[in-house]
Amino acid sequence: MLEGGKISSGQAVFLNITMIIATAMLAVPAIAAVHARQDAWLSMLLATLLALPIAWVTASLGTLFPGKTLVEYTEDILGKWPGKLLGLLYLLWFIHICSIMIREYGNFLIDVFMPETPLIVINILGAALAAYTVKNGLEVLARVNQIFLPIILISVILIFLLALPEMKLERFLPVFEAETVKIFKGAIVPWGWMGEIITFAMLIPFLAQPGQTRHTAVITIPLVGLFFTLLAVASVAVFGPVFSNMNFPVLNAARVINIANFIDRPEPIIMAIWIIGGLLKISIFYYVSVLGFAQWLNLKDYRPLVLPVGVILIALSIAVAENMLELTHFLGNVSPYELLTFELVIPLTLLLIALVRRQGGNRQ
Amino acid sequence: MVLLMILAFLGIIGLEVPGLVRKKMWRELTAFAALLVIGMALSIPQTLGMTIPNPNTYIEILFKPMVEWLKK
Numbered sequence: 005m006l007e008g009g010k011i012s013s014g015q016a017v018f019l020n021i022t023m024i025i026a027t028a029m030l031a032v033p034a035i036a037a038v039h040a041r042q043d044a045w046l047s048m049l050l051a052t053l054l055a056l057p058i059a060w061v062t063a064s065l066g067t068l069f070p071g072k073t074l075v076e077y078t079e080d081i082l083g084k085w086p087g088k089l090l091g092l093l094y095l096l097w098f099i100h101i102c103s104i105m106i107r108e109y110g111n112f113l114i115d116v117f118m119p120e121t122p123l124i125v126i127n128i129l130g131a132a133l134a135a136y137t138v139k140n141g142l143e144v145l146a147r148v149n150q151i152f153l154p155i156i157l158i159s160v161i162l163i164f165l166l167a168l169p170e171m172k173l174e175r176f177l178p179v180f181e182a183e184t185v186k187i188f189k190g191a192i193v194p195w196g197w198m199g200e201i202i203t204f205a206m207l208i209p210f211l212a213q214p215g216q217t218r219h220t221a222v223i224t225i226p227l228v229g230l231f232f233t234l235l236a237v238a239s240v241a242v243f244g245p246v247f248s249n250m251n252f253p254v255l256n257a258a259r260v261i262n263i264a265n266f267i268d269r270p271e272p273i274i275m276a277i278w279i280i281g282g283l284l285k286i287s288i289f290y291y292v293s294v295l296g297f298a299q300w301l302n303l304k305d306y307r308p309l310v311l312p313v314g315v316i317l318i319a320l321s322i323a324v325a326e327n328m329l330e331l332t333h334f335l336g337n338v339s340p341y342e343l344l345t346f347e348l349v350i351p352l353t354l355l356l357i358a359l360v361r362r363q364g365g366n367r368q
Numbered sequence: 058m059v060l061l062m063i064l065a066f067l068g069i070i071g072l073e074v075p076g077l078v079r080k081k082m083w084r085e086l087t088a089f090a091a092l093l094v095i096g097m098a099l100s101i102p103q104t105l106g107m108t109i110p111n112p113n114t115y116i117e118i119l120f121k122p123m124v125e126w127l128k129k
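Heads up: the sequence lines are chains A and B, in that order. Anchor point for the first sequence: position 259 equals 263 in this note's numbering, and the numbering is continuous, going up by one each time. Anchor point for the second sequence: position 21 equals 78 in this note's numbering, and the numbering is continuous, going up by one each time.
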């Protein structure tokens, strides 16, 4: 076993939640609102329902092949070479989405808070910190996450409690104005984001209580869905449908806060949760890529690969887009298809093949 | 810039290689070298001002009809 550490089920749920919400929370309501307008919150609910099967498939594959990660059991299911090839595709996908996360992380900070700083500086700093976390192993990552995730969640909720005086319920009207297709279009991106739960397939072997795998995976989605729905509800209540034009409605909600001229524009809270949350999310995907590579090549240790993979991530994070507009176009229109291919289409096919060919040891 | 990058790469090699050689982990060393070469190939052209192929462009071409549908 490459990773000696074990994580508890609670820590796993926390990791799963961070894995999905950290970089999504600031932008996701606006992306849904582009199509669904003031019905964006319905899109979030729909996305939650659609994402549940992904969590179920992830957990089923994990329980069919206990002690193995996604890149390992593709070989068991498809045979040696096709399995290796699919494993490599998954690794490239992890590296790709991780580099996009680093780009989002850096681009948000330079766009909103530090316009004079070159993008590459923040990307290198972020990736270096993540590399340090990854080198320390999964247990450290899980514990850091356990400390910071509650702070992140409480801060976001606090922002919206402070914004309560700005909220108006009539901004939800007319409800169901968007057609079903529009609501579905608005749900695609959050669906793809919630489907990142498939990454949990790389962490299942390190659970201290393997019996709770299914429980751990499936509970995550309603929690995240509830959080996304709250974000959408709050964004609509503060801004009405116009917030579809904003890049980061949660940040803008913080900007309108003014309580008795005393608590005014608490944006640094947003900056803090973005820095912590983004870093944790990058660390999780970085860890998964490095661990996957080590398993794919049958190495004894994954640590030597951390820095070279970091170089690749930083180089790609600059190359994936020219500017924020291009990145937003990719995230809003292209990425859901790439994400859902790797999250739903391939895993579901794998599960069906495994069930039909009666593979895997641990069937219930 | 390029000099700084080469320094950074030397730093990475200096951090990892001695330990791997001491523990005789040749397989790990090969993987490390291969990934680092890929990393160099992706990063050095960019510091020299060249553009490297953007994976997102190809993914967009792959899903073209569905992307157009979502944009509407």
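Beta carbons are placed, not taken as given, at the ideal position from N, Cα and C, and that holds for glycine.
I'd like to know if the region 62–72 of chain A and the region 82–95 of chain B are in contact, where contact means that at least 3 CB-CB pairs between them fall below 8 Å. no
Does any C-beta atom of chain A lie closer than 8 Å to the C-beta of residue 128 of chain B? Position 71 of the second sequence, counting from 1, holds the residue named residue 128 of chain B. Closer than 8 Å to some Cβ of chain A, the Cβ of residue 128 of chain B qualifies, so yes.
What first and last residue would you give for the alpha helix (DSSP H) that runs through residue 184 of chain A? Position 180 of the first sequence, counted from the start, is the residue given in the question as residue 184 of chain A. Element bounds for residue 184 of chain A: 184–198.
Residue 78 of chain B at chain A interface by Cβ criterion, 8 Å: Mapped onto the second sequence, residue 78 of chain B falls at position 21. Output row for residue 78 of chain B: interface = no.
Along the region 303–315 of chain A, where does the CB come closer than 7 Å to a CB of chain B? Name the residues. 303, 304, 305, 308, 309, 311, 312, 313, 315
Just mark residue 233 of chain A as buried or exposed, buried being the case when its beta carbon has 16 or more other beta carbons within 10 Å. Counted from its first residue, the first sequence places residue 233 of chain A at position 229. So residue 233 of chain A counts as buried.
Locate the alpha helix (DSSP H) running through residue 80 of chain A, then write down its first and last residues. By one-based count along the first sequence, residue 80 of chain A stands at place 76. Run containing residue 80 of chain A: 74–82, per the alpha helix (DSSP H) assignment.
CA nearest to the CA of residue 116 of chain A, picked from A/251, A/26, A/36: Against the first sequence, residue 116 of chain A aligns to sequence position 112. Nearest C-alpha to residue 116 of chain A: A/251.
Suppose the cutoff is 6 Å on Cβ atoms and the five residues either side in sequence are ignored; what does the same chain contact list for residue 256 of chain A look like? In the first sequence, residue 256 of chain A corresponds to position 252, counting from 1. Contacts found: 250.
Using a threshold of 8 Å, state whether the C-beta atoms of residue 284 of chain A and residue 127 of chain A are closer than that. Residue 284 of chain A sits at position 280 when you count from the first residue of the first sequence. Residue 127 of chain A sits at position 123 when you count from the first residue of the first sequence. Contact flag unset, no.
Give a yes or no on whether 8 Å exceeds the smallest Cβ distance from residue 290 of chain A to chain B. Your numbering for residue 290 of chain A matches position 286 in the first sequence. No, residue 290 of chain A lies away from the interface with chain B (no Cβ there is under 8 Å from its Cβ).
Can you list the residues of chain B that residue 112 of chain A reaches, using a CB-CB cut of under 8 Å? For the purposes of this step, residue 112 of chain A is identified with residue 108 of the first sequence, where counting begins at 1. Chain B residues near residue 112 of chain A: none, gap ~18 Å exceeds 8 Å.
Between the C-alpha atoms of residue 27 of chain A and residue 16 of chain A, what's the straight-line distance to the nearest angstrom? For the purposes of this step, residue 27 of chain A is identified with residue 23 of the first sequence, where counting begins at 1. For the purposes of this step, residue 16 of chain A is identified with residue 12 of the first sequence, where counting begins at 1. So the alpha carbons of these two residues sit roughly 18 Å apart.
Taking 8 Å as the CB-CB cut-off, is residue 20 of chain B touching chain A? Only positions 58 to 129 of chain B appear in the structure, and residue 20 of chain B is not among them; the question remains open.
Grouping DSSP H, G and I as helix and E and B as strand, with all else coil, what is residue 123 of chain A? In the first sequence, residue 123 of chain A corresponds to position 119, counting from 1. In the structure shown, residue 123 of chain A sits in a helix (DSSP, three-state: H, G or I).
With 7 Å as the limit, tell me which residues of the region 173–202 of chain A have their beta carbon closer than that to any beta carbon of chain B; keep them in chain order. 189, 192
Residue 180 of chain A: buried (16+ other C-beta within 10 angstroms of its C-beta) or exposed? By 1-based counting over the first sequence, the position of residue 180 of chain A is 176. With fewer than 16 other Cβ atoms within 10 Å, it is exposed.
Tell me where the alpha helix (DSSP H) around residue 147 of chain A begins and ends. As a position in the first sequence, residue 147 of chain A is number 143, starting the count at 1. 142–166 is the span of the alpha helix (DSSP H), which, as asked, contains residue 147 of chain A.
With a floor of 4 residues, list each alpha helix (DSSP H) that falls wholly inside the region 266–343 of chain A, ordered by position along the chain. 271–300, 310–323, 328–333
What are the start and end residues of the alpha helix (DSSP H) that includes residue 97 of chain B? By one-based count along the second sequence, residue 97 of chain B stands at place 40. 83–104 is the extent of the alpha helix (DSSP H) around residue 97 of chain B.
Spell out whether any CB of chain A is found under 8 Å from the CB atom of residue 71 of chain B. Start at 1 with the first residue of the second sequence, and residue 71 of chain B comes out as number 14. Residue 71 of chain B does not count as touching chain A.
Using only the alpha-carbon positions, how far apart do residue 32 of chain A and residue 224 of chain A sit? Counted from its first residue, the first sequence places residue 32 of chain A at position 28. Counted from its first residue, the first sequence places residue 224 of chain A at position 220. Whole-angstrom Cα-Cα distance: 17 Å.
Exposed unless 16 or more other CB atoms sit within 10 angstroms - verdict on residue 268 of chain A: Taking the first residue of the first sequence as position 1, residue 268 of chain A is located at position 264. So residue 268 of chain A counts as exposed.
Going by other Cβ atoms of all chains shown within 10 Å of its Cβ, with 16 needed for buried, is residue 41 of chain A buried or exposed? Against the first sequence, residue 41 of chain A aligns to sequence position 37. Its Cβ being crowded by 16 or more others within 10 Å, residue 41 of chain A is buried.
Exposed or buried, residue 368 of chain A, counting other C-beta atoms within 10 Å across all chains shown (16 or more means buried)? In the first sequence, the residue the question calls residue 368 of chain A occupies position 364. Reliability fails at residue 368 of chain A, whose pLDDT of 46 lies under 50, so the model's placement of it is uncertain and the value that follows must be treated cautiously. Classification of residue 368 of chain A: exposed, given that the 10 Å Cβ count is below 16.
Using a Cβ-Cβ cut-off of 7 Å (strictly less than) and excluding sequence neighbours within five positions of residue 24 of chain A, which residues of its own chain qualify? Here residue 24 of chain A is taken as the residue at index 20 of the first sequence, counted from 1. Correct list, in chain order: 197, 198, 200, 201, 228.
Between the alpha carbons of residue 62 of chain A and residue 195 of chain A, how many angstroms are there, rounded? Within the first sequence, numbered from 1, the residue matching residue 62 of chain A stands at position 58. Within the first sequence, numbered from 1, the residue matching residue 195 of chain A stands at position 191. Answer to the nearest angstrom: the Cα atoms are 15 Å apart.
One question on the structure: do residue 80 of chain A and residue 363 of chain A come within less than 8 Å of each other, judged by their Cβ atoms? Within the first sequence, the letter at position 76 stands for residue 80 of chain A. Within the first sequence, the letter at position 359 stands for residue 363 of chain A. Contact: yes.
Just by C-beta distance, which residues in the region 113–124 of chain B are closer than 7 Å to chain A? 113, 116, 117, 120, 123, 124
Report buried or exposed for residue 107 of chain B, applying the criterion of at least 16 other Cβ atoms within 10 angstroms of its Cβ. On the second sequence, residue 107 of chain B is found 50 positions in, with the first residue counted as 1. By the neighbour-count rule (16 or more Cβ atoms within 10 Å), residue 107 of chain B is not buried but exposed.
Going by other Cβ atoms of all chains shown within 10 Å of its Cβ, with 16 needed for buried, is residue 48 of chain A buried or exposed? What you label residue 48 of chain A is simply residue 44 of the first sequence in a count that begins at 1. So residue 48 of chain A ends up on the buried side.
Between residue 60 of chain B and chain A, is any beta-carbon pair separated by less than 8 Å? Numbered from its first residue, the second sequence carries residue 60 of chain B at position 3. No, no contact with chain A.
Would you list, in chain order, the members of the region 320–331 of chain A that have their beta-carbon closer than 9 Å to a beta-carbon of chain B? 320, 322, 323, 324, 325, 326, 330, 331
Between residue 166 of chain B and chain A, is any beta-carbon pair separated by less than 8 Å? There is simply no residue 166 of chain B to check, as chain B begins at 58 and stops at 129 in what is shown.
So is residue 326 of chain A buried or exposed if we call it buried at 16+ other beta carbons inside 10 Å? Here residue 326 of chain A is taken as the residue at index 322 of the first sequence, counted from 1. When all chains shown are included, residue 326 of chain A counts as exposed.
Which term fits residue 118 of chain B, buried or exposed, when burial requires 16 or more other beta carbons within 10 angstroms of its beta carbon? In the second sequence, the residue the question calls residue 118 of chain B occupies position 61. Residue 118 of chain B comes out exposed.
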